[in-house]
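In our numbering, the protein residues as written are 124 to 603.
Quick look at the structure:
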């Protein structure tokens, strides 16, 4: 039976309509693939620019208005050095310090303030956020999707962006507290060194409000007392002591959590700096290398508390020590009205020159020497110390000033691993775990000798001066 010609024409017309719809749908599907792929590429390009800019800017933040300015310029310049649109166009973040393209905050979560406002209160700005939202190249023109607009209201453009937050992750602060000797001399109320004296030696367990034999360890990852019990144990803290680091939130905190006690593994962890890797410390030389100079500065432990350490001469005049010479005094501690009083000494000037000392370029005494002397001005740069001494600077002096680590570890040894940055805190007057302590400042000390020594498990340090958080080496990371 033959169908009417009109019926075929009607079917062909229906097919034509269906094909038109299918073609449009195919175009839209192609648009989804091509345009979304292009949008993803643009987002990746903007994200790469934001990541690089945030990391570069974070390293410039040092707690000053100049640091904010430098971080802003560095972040913006580096972002604009990145190209998008397959390398054809620079990112071009507008130079608007009151805008939200580049902002600063005290934590990875903010609160965020623009560059102009941050310069007036720069002290706590340790994190930077770079957001390309709203710049010209965050708008992406579509290709195939706009073709469908005559039939289905096509999309002419869409937007995307890159957003990155960067700041310190871990900071080179050893999780050990040094007690403030004179709280009135601490920043911000004071301008001094919390009672410490540059170039003087201290036995850490002797300077605290509880009494001899007490050490204060800092929780390395949290300031929240509710999280302290699981993160303050000896095993948990050992890697942080080995490497000499704490989390950034702890490094910048005004209050930390302390645990008291003399822990052999923790003390042994300090000794990795002297190329001593005992099984108790569990330190790995690859992540906790020795110092390049592992020469210890020893003295008679039995006479540490005596007026004149046995076998030492005055660094000022070379005469034998006597009880009237401050530079020969060992740490003597008393507590009066809650203030720790010390008359400190021990080994002098192994790290820095003592303050208010007549020492200029006079002879440096060598224990048991036979009249040989070394002129201080001849140390590297004219201002060096026995600790900074390089191998074989003068014939016969290397055994007095310098000792390299084992051949096995000389290739990974690092300078100044024995220079510890510690927090100086108002130490709690009672022992125990998870006790809060107010942070007064941070300071550098030289670890003069091993801590885990049979018969004398303690920490011997020479004070080298205070340092700001922004002046401490940190490892930076992207938080988002």
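Glycine included, C-beta positions come from ideal geometry on N, C-alpha and C.
If you're wondering where the values come from, they're calculated on a predicted model, not measured in any experiment.
Review point. Going by other Cβ atoms of all chains shown within 10 Å of its Cβ, with 16 needed for buried, is residue 83 buried or exposed?
Key: Summary: the structure shown does not reach residue 83, with the chain confined to residues 124 through 603, and so no result is reported for it.
**Study point:** Nearest-angstrom Cα separation, counted from residue 592 out to residue 242
**Key:** Residue mapping note: residue 242 aligns to position 119 of the chain shown, counting from 1. Residue mapping note: residue 592 aligns to position 469 of the chain shown, counting from 1. One alpha carbon belongs to residue 242, the other to residue 592, and they sit about 17 angstroms apart.
Exercise for review: Go to residue 373, then tell me how far its alpha helix (DSSP H) extends in each direction, as first and last residue.
Suggested key: Mapped onto the chain shown, residue 373 falls at position 250. Start and end: 371-374.
Point to revise | DSSP state of residue 459 mapped onto helix, strand, coil | key: Here residue 459 refers to the residue found at position 336 of the chain shown. No answer about residue 459 holds up, because its pLDDT of 42 lies below 50 and its placement is not dependable.
Review point. Taking the continuous beta strand (DSSP E) assigned at residue 254, which residues delimit it?
Key: As a working mapping, residue 254 is identified with position 131 in the chain shown. Segment 250-254, the beta strand (DSSP E) holding residue 254.
Practice item. Determine the direct distance from the alpha carbon of residue 358 to that of residue 603, and round the result to whole angstroms. Key: Locating residue 603 in the chain shown gives position 480, where the first residue counts as 1. Locating residue 358 in the chain shown gives position 235, where the first residue counts as 1. Going by the C-alpha atoms only, they are around 30 angstroms apart.
Review point. Is the number of C-beta pairs between the region 402-410 and the region 369-378 that are closer than 8 angstroms three or more?
Key: The region 402-410 is not in contact with the region 369-378.
Check your understanding: Alpha carbon to alpha carbon, how far is residue 394 from residue 284?
Key -> Counting from one through the chain shown, the residue named residue 394 turns up at place 271. Counting from one through the chain shown, the residue named residue 284 turns up at place 161. Computed Cα separation, rounded: 49 angstroms.
Review point. For the putative contact between residue 364 and residue 297, defined by C-beta atoms under 8 angstroms, what is the C-beta separation to the nearest angstrom?
Key: Your numbering for residue 364 matches position 241 in the chain shown. Your numbering for residue 297 matches position 174 in the chain shown. A Cβ-Cβ distance of about 7 angstroms is found for the pair residue 364 and residue 297, placing them in contact under the 8 angstroms criterion.
**Study point:** Straight-line Cα distance separating residue 556 from residue 355
**Key:** On the chain shown, residue 355 is found 232 positions in, with the first residue counted as 1. On the chain shown, residue 556 is found 433 positions in, with the first residue counted as 1. Taking the CA atoms as reference points, residue 355 sits about 8 angstroms from residue 556.
Practice item. Can you tell me which of the three DSSP states residue 165 falls into? Key: In the chain shown, residue 165 corresponds to position 42, counting from 1. Three-state result, residue 165: helix.
Review point. What does DSSP give as the partner residues of residue 282 in its beta bridges?
Key: Reading the chain shown from its first residue, position 159 is the one you call residue 282. Bridge partners of residue 282: 262.
Practice item. Locate the beta strand (DSSP E) running through residue 335, then write down its first and last residues. Key: Counting from 1 along the chain shown, the entry for residue 335 is found at position 212. Note, residue 335: premise wrong, no beta strand (DSSP E); not H, not E.
**Study point:** Residues near residue 182 in its chain [Cβ-Cβ closer than 7 angstroms; skip 5 each side]
**Key:** Here residue 182 corresponds to residue number 59 of the chain shown, with the count starting at 1. Contacts found: 599.
Review point. Going along the chain, which residues of its own chain have a beta-carbon closer than 6 angstroms to the beta-carbon of residue 653, five neighbours each way excluded?
Key: With the chain covering 124 to 603 only, the question about residue 653 has no answer from this structure.
**Study point:** Collapsed DSSP secondary structure at residue 324 in the structure displayed
**Key:** Translated into positions along the chain shown, residue 324 becomes position 201. Secondary structure of residue 324 (DSSP, three-state): strand.
Point to revise | Member of 541, 559, 417, 144 whose CA lies at the smallest distance from the CA of residue 569 | key: For the purposes of this step, residue 569 is taken as residue 446 along the chain shown, with counting starting at 1. Answer by Cα proximity: 541.
Practice item. Rounded to whole angstroms, what's the CA-CA distance from residue 510 to residue 226? Just pull it up for me. Key: Position 387 of the chain shown holds residue 510. Position 103 of the chain shown holds residue 226. The straight-line gap from Cα to Cα measures roughly 42 angstroms.
Check your understanding: Is it buried or exposed for residue 244, if we count other Cβ within 10 angstroms and need 16 for buried?
Key -> Residue 244 sits at position 121 when you count from the first residue of the chain shown. It is exposed - the Cβ of residue 244 has fewer than 16 other Cβ atoms within 10 Å.
Review point. For residue 549, which residues does DSSP report across the bridge?
Key: For the purposes of this step, residue 549 is taken as the residue at position 426 of the chain shown. Paired residue(s): 561.
Practice item. Counting only the same chain and skipping the five closest in sequence on each side, list residues whose C-beta sits under 6 angstroms from that of residue 405. Key: Position 282 of the chain shown, counted from the start, is the residue given in the question as residue 405. Within the same chain, Cβ atoms closer than 6 angstroms to the Cβ of residue 405 are found at 361, the five residues on either side in sequence being excluded.
Exercise for review: Would you kindly work out how many angstroms separate the C-alpha atoms of residue 321 and residue 197, rounded to a whole number?
Suggested key: Taking the first residue of the chain shown as position 1, residue 321 is located at position 198. Taking the first residue of the chain shown as position 1, residue 197 is located at position 74. Their Cα atoms are separated by approximately 36 angstroms.
Check your understanding: Any contact of the region 249-262 with the region 177-191, i.e. 3+ C-beta pairs under 8 angstroms?
Key -> The region 249-262 makes contact with the region 177-191: 3 or more CB pairs, one atom from each, lie closer than 8 angstroms.
Practice item. Answer with buried or exposed for residue 195, where buried requires no fewer than 16 other C-beta atoms within 10 angstroms of its C-beta. Key: In the chain shown, residue 195 corresponds to position 72, counting from 1. By the Cβ-count criterion, residue 195 is buried, with 16 or more other Cβ atoms from all chains shown falling within 10 Å of its own Cβ.
Exercise for review: Please confirm whether residue 548 and residue 567 have their CB atoms less than 9 angstroms apart.
Suggested key: One-based indexing of the chain shown puts residue 548 at position 425. One-based indexing of the chain shown puts residue 567 at position 444. In this structure, residue 548 lies away from residue 567, with their beta-carbon atoms at least 9 angstroms apart.
Exercise for review: May I have the straight-line CA-CA distance separating residue 413 from residue 286, to the nearest angstrom?
Suggested key: Locating residue 413 in the chain shown gives position 290, where the first residue counts as 1. Locating residue 286 in the chain shown gives position 163, where the first residue counts as 1. A direct Cα-to-Cα measurement between residue 413 and residue 286 gives close to 39 angstroms.
Practice item. Using three-state DSSP, classify residue 306 as helix, strand or coil. Key: Numbered from 1 along the chain shown, position 183 holds the residue referred to as residue 306. Three-state DSSP puts residue 306 in a helix.
Check your understanding: From what residue to what residue does the alpha helix (DSSP H) around residue 387 run?
Key -> Position 264 of the chain shown, counted from the start, is the residue given in the question as residue 387. Residues 387-393.
**Study point:** Reference residue 232; option with closest CA among 220, 366, 372
**Key:** Translated into the one-based positions of the chain shown, residue 232 becomes position 109. Of 220, 366, 372, the residue nearest in Cα terms is 372.
Point to revise | Inter-residue Cα distance where the pair is residue 291 and residue 387 | key: For the purposes of this step, residue 291 is identified with residue 168 of the chain shown, where counting begins at 1. For the purposes of this step, residue 387 is identified with residue 264 of the chain shown, where counting begins at 1. Residue 291 and residue 387: Cα-Cα distance of roughly 30 angstroms.
Check your understanding: Any Cβ of chain B within less than 9 angstroms of the Cβ of residue 242?
Key -> Any reference to chain B falls outside this structure, which holds one protein chain only.
Check your understanding: Near residue 538, which residues of its chain fall below 6 angstroms by C-beta distance, leaving aside the five closest residues on each side in sequence?
Key -> To locate residue 538, count along the chain shown from 1; it is residue 415. Same-chain partners within the cutoff: 415.
Exercise for review: With DSSP collapsed to three states, give me the class of residue 437.
Suggested key: Walking along the chain shown from the start, residue 437 turns up at place 314. Per-residue confidence for residue 437 stands at a pLDDT of 44, beneath the threshold of 50, marking its modelled position as unreliable; the derived number appears in the next sentence. DSSP places residue 437 in coil when its eight states are reduced to three.
Review point. Hey, residue 420 and residue 199 are a contact pair by Cβ (cut 8 angstroms); roughly how many whole angstroms apart?
Key: Counting from 1 along the chain shown, the entry for residue 420 is found at position 297. Counting from 1 along the chain shown, the entry for residue 199 is found at position 76. In fact, because the Cβ distance is near 48 angstroms, the residues do not count as touching under 8 angstroms.
Check your understanding: What three-state label does DSSP hand residue 236 in the structure shown?
Key -> Numbered from 1 along the chain shown, position 113 holds the residue referred to as residue 236. Secondary structure of residue 236 (DSSP, three-state): strand.
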